[in-house]
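Numbering (this note's numbering), first residue to last: 4 to 275. We put the CB at the ideal spot given by N, CA and C, even for glycine. The structure appears below as structure tokens.
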Amino acid sequence: MTYKVNNNNIEIILPDFDLDDTLDCGQAFRWEKIESEHQSAYKGMFLERSLTISQDGDKFIFYNTSAEDFEKIWIKYFDLETDYGKIKIKLSEDDVLSKACEYAGGIRLLNQDFWECLISFIISQNNNIPRIKGIISRLCEHYDHFPQASDLASETPESLSFLRAGFRAKYIIDAARKTASGEINADSIKNMDIDDARKKLMTIKGVGPKVAECVLLFGAHRTEAFPIDVWIKRVMEKYYPDGLPQCAKNIEGIAQQYLFHYIRTCDSLPEK
DNA sequence: TTCCAGGCGTATC
DNA sequence: GATACGCATGGA
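This is the structure:
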């Protein structure tokens, strides 16, 4: 991977990558858009490391980042070594997916933290994206960082009332207690057969099929996971009553991201 | 006011 | 196993 170190910034040319598509599409909730005239920029966190990143066409700048952090953390986080051009060519064998890839072609599947995804997607249930972000923001502000399982394991629904997370507070606590006790172990789940991983995750109160699928896709990079929410359900009923086409085999989750972004932002996909 | 949001637990059949 | 309903909160 070739990049340029300029003072404390990393400059790099990257194809198939767009910050709006990737950071504001509902896979991560801690990135904030920085308003700027001529370019797109975001500020966010991963593993308590903050980053500001800007985009001007296919030119990206990672601010205040060492080459070491870039190589050890951000290449992996942004999935920069995966060829999304190839993935899109494969998915474009299907007409509807082709349209979605074209529309939201800058999406990359982030390699996020398992625990943070677990809590984030528990919060996401029966909720909308702005409010999910608000709850997670209050959570991080309260603990001065994204809380560890041990931080949350000793809380009660009452002590978490500042979150205004509603009925989800008790689910957050159950996830925290099972994680803190070792009953739920990220590394172990990541290495499981996917059906076993689903079952294990669903032993947590408030984790059903959809949340489990999101945790596996976004927090464990299991690209064969396919979260079906209200939006994707509409897509499936309209275009894929018999399931996804063969070209999406083993990358169902990536196809899902393109479809989700498209259906949410546009009125409809083309007729099949 | 009512409906809805990246669903799930529970009751009931 | 399928289906119906309530659930906290806040924006449209």
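- The shortest C-alpha to C-alpha distance from Arg141 to any of Arg237, Tyr106 and Ser123 is the one to Ser123.
- Phe165 counts as exposed, since fewer than 16 other beta carbons sit within 10 angstroms of its beta carbon.
- In chain order, Ile176 place their CB closer than 7 Å to the CB of Glu158, counting only its own chain and leaving out the 5 sequence neighbours on each side.
- Of Leu219, Ile139 and Cys28, the smallest CA-CA separation from Ala200 is found for Leu219.
- Taking a contact as a CB-CB distance under 8 Å, the pair Cys28 and Ile126 does not count as one, their CB atoms being some 17 Å apart.
- Positions of the alpha helix (DSSP H) runs, each at least 4 residues long and wholly inside the stretch 217-261, are given as 233-242 in order along the chain.
- Runs of alpha helix (DSSP H) with 4 or more residues, each lying fully within the stretch 148-201, are found at 152-156, 172-183 and 189-193, listed in chain order.
- Comparing alpha carbon positions, the residue from Tyr243, Ser57, Glu216 and Glu74 closest to Ile231 is Glu216.
- In this structure, DSSP gives Ile122 a helical state, which the three-state scheme calls helix.
- Approximately 5 Å separates the beta-carbon atoms of Phe65 and Ile56; this is inside 8 Å, confirming the contact.
- Beta-bridge analysis with DSSP links Gly47 to Leu54.
- Excluding sequence positions up to five before and after Leu204, its CB lies within less than 8 Å of the CB of Leu121, Ile187, Ile192, Val210, Val214, Ala215, Val218 and Leu219, all in the same chain and listed in chain order.
- A distance of 9 Å or more separates the beta carbons of Ala31 and Ile37.
- Per DSSP, the continuous alpha helix (DSSP H) segment holding Tyr106 begins and ends at Asp98 to Tyr106.
- Going by beta carbons, Asn130 and Arg171 fall inside the 9 Å limit.
- For the 9 Å CB-CB criterion, Phe49 and Ile16 do not form a contact.
- Cβ-Cβ separation between Asp24 and Gly88: approximately 14 Å, too far for a contact (criterion under 8 Å).
- Taken atom to atom, the span from the alpha-carbon of Thr182 to that of Ile138 is near 20 Å.
- In the three-state reduction of the DSSP assignment, Val210 falls in the coil class, being assigned neither a helical nor a strand state.
- Ile257 places its beta carbon less than 9 Å from that of Leu112.
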